[in-house]
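Going by my numbering, the sequence shown opens with residue 1, and the numbers climb by one from there. Where a beta carbon is used, it is the ideal one built from N, C-alpha and C, also for glycine.
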Amino acid sequence: MKGNLFSTVYQIHYEMFHDMLAEDAIAHLRNSIESDITAERIPQKMQYLLFKMTNRCNSDCEYCSHRISNAVNEDKSDIPFPLIKQTIDDAAMLGCEAVAINGGEPLLLPEIYDILQTIIDDKMVPVLMTNGTLLPDMWEKLGSMGLKYVIISYDSIIPEVYEKQRGISYKKALAGLDAACAMMEKYENVHVHVSAVLTRDNQDDFVDLVKYMSSRGIATQISPYHHFNPRDEDLISITDRKKCEKLVETLLSMKDEGYLIASSKGFIEHLTEFFCSKERIPKDYRCLIGYTNLFVDAYMNVRPCWDWCFKPLGNLKEKRLADIWNGALMKEYREQMLRCQCGGCWYMCTGEVSMMLEDKL
């Protein structure tokens, strides 16, 4: 499957709203952003909003600050629905294509159906990012409302490995996956992906995960584990270069063979250097995320990306999205990000945008 998780957004946008074909929309975006960079101007349109609407969660992922065992260190709360709705409406006014409904676990939100309806009414693609464990009781209503893009966190088909990384019952995770498959079967043009955090623990069975998901019509997104805190011992990053090179080679071949891999070739190709040479980004890389995205954390802070070297651009309680997107601070950050004057990362939500815009799918 040629493409990545962001090219899927344009495919779904066309299927939902019958506007521009995905290939044409992506080509138009590439040209528009190159023109904006050359002219040193602010993009008129913001393409994607990644929105952590809650920090509450029912899983205990070993690498997540919102995990349930961290409740003693974090005040757990939801962003109020009126503020969520206002922000979604503001994103639509900026020409946004898709809103990622994120958390924590967003299916815990009591207003989740209202949130979904707001995004669809505003002619944007809702992207549900979930651990999937609540889907068995919710998939029929979500499907009937028009949800077309579900991304499930799912790291391994070996129960012991899954439970170590995700801290939740594998049986419940599998039931969630089954519910997503039922949703695909019953409702037209539903796309289900799994987002798999790649670590030392699951590298040996990662190919089997991709094969299994492909057999069920589900595409796999590859998310390399990032170790940031030098005070904590790193026990799960991949360190064996030969094994990593072999895995990368296999994944690239599988993508060419038609296995459902929703990571771009350009993204996959950098994994060995990311893990084994500690090179967060490729050489000669341009981060274009500042020309397409805004990020909202669970405390209502708006950010240019998840890199903590950048201070928040503002808080939704005090500033509107358009003012932030068009503001002087975002313009400054946009230029810094383009030159990679940051801590560097190889996250799907940042690296994959640049891979798509640089035509490295």
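Residues that DSSP places opposite Pro126 in a beta bridge:
Val99
What number of angstroms, rounded off, separates the C-alpha of Thr239 from the C-alpha of Lys246?
13 Å
Relative to the alpha-carbon of Lys123, which residue among His270, Asn70, Glu140 and Gly146 has its alpha-carbon at the smallest distance?
Gly146
Around the C-beta of His28, are 16 or more other C-beta atoms found within 10 angstroms, so that it is buried, or is it exposed?
exposed
Distance check for Ser264 and Leu313, CA to CA, integer angstroms please.
30 Å
What is the C-beta distance between Ala328 and Leu94, in whole angstroms, given that I count them as a contact (C-beta under 8 Å)?
Rounded, the Cβ-Cβ distance is 17 Å, inconsistent with contact.
Considering only residues of the same chain and omitting the five flanking positions on each side of Leu5, which have a CB-CB separation below 7 Å?
His193, Gln221, Ala262, Met348 and Glu352
Answer yes or no: the CB of Thr133 versus the heavy atoms of the ligand PLP, is any distance below 6 Å?
Annotation note on the ligand PLP: not contained in the displayed structure, which lists no ligands.
Rounded Cβ spacing between Met129 and Pro106 (contact assumed at less than 8 Å)
7 Å
Per-residue DSSP class, three states only, for Lys52:
strand
List in chain order: all unbroken beta strand (DSSP E) runs of 3+ residues lying wholly within the region 197–262.
219–224
Any contact between the region 176–193 and the region 206–218? By contact I mean 3 or more CB pairs, one from each, below 8 Å.
yes
On a Cα-Cα basis, can you pick out the residue from Trp346, Thr272, Glu233 and Gln165 that is closest to Leu406?
For the chain, the structure presents residues 1 to 361; residue 406 sits outside this window and is missing.
Environment of Ser277 [buried if 16+ CB atoms lie within 10 Å]
exposed
Is the beta carbon of Gly290 closer than 7 Å to that of Arg339?
no
Determine, using beta-carbon pairs with one atom in the region 18–27 and one in the region 78–96, whether at least three such pairs fall under 8 Å.
no
DSSP three-state assignment for Phe295, whether helix, strand or coil:
strand
Report the three-state DSSP secondary structure of Met1 (helix, strand or coil).
Confidence in Met1 is poor, its pLDDT being 46 and thus under 50, which makes the residue's placement unreliable; the coordinate value appears in the next sentence. Reduced to three states, the DSSP call for Met1 is coil.
Have a look at Tyr14, Cys57, Asp256 and Glu163 and flag the residue whose alpha-carbon is nearest the alpha-carbon of Gly3.
Asp256
How would you write the range of the alpha helix (DSSP H) that Ile84 sits in, first residue to last?
Phe81 to Met93
Is the Cβ-Cβ distance between Met103 and Lys52 less than 7 Å?
The sequence given here has Gly at residue 103, not Met. Going by C-beta atoms, Gly103 is nearer than 7 Å to Lys52.
Whose CA, out of Leu357, Ile115, Lys186 and Gln44, lies closest to the CA of Arg286?
Leu357
Is the separation between the beta-carbon of Cys342 and that of Asp307 shorter than 7 Å?
yes
Could you check if Val9 is buried or exposed, using at least 16 other CB atoms within 10 Å of its CB as the buried criterion?
buried
Go through its chain and collect everything with a Cβ distance to Met1's Cβ below 6 Å, but skip five positions before and after it.
With a pLDDT of only 46 at Met1, under 50, the local geometry of the prediction cannot be trusted, and the value read off the model is given with reservation. Hits under 6 Å: Leu260.
Proximity winner among Asn293, Asn70 and Gly176, relative to Leu134 (alpha-carbon distances)
Gly176
Report the CB separation of Tyr149 from Tyr162 in whole angstroms; it is logged as a contact under 8 Å.
23 Å between Cβ atoms; not a contact.
Taking the alpha carbon of Leu288 as the point to measure from, which residue in Ala173, Asp359 and Met138 has its own alpha carbon closest?
Asp359
Decide if Cys309 is buried, meaning its Cβ has at least 16 other Cβ atoms within 10 Å, or exposed.
exposed
Give me the Cα-Cα distance between Ile236 and Ile68, rounded to the nearest whole angstrom.
20 Å
Let me know if Arg41 comes out buried or exposed under the rule of 16 or more other beta-carbons within 10 Å of its beta-carbon.
exposed
State the Cα-Cα distance for the pair Gln336 and Gln86, rounded to the nearest angstrom.
29 Å
Taking Cβ to Cβ, would you say Gln203 is nearer than 7 Å to Glu62?
no
Considering Tyr149, what are the terminal residues of the beta strand (DSSP E) in which it resides?
Tyr149 to Ser153
Residue from Pro224, Tyr187 and Ile112 whose Cα sits closest to the Cα of Ile281
Pro224
Bridge partners - Arg303, DSSP secondary structure assignment
Phe295
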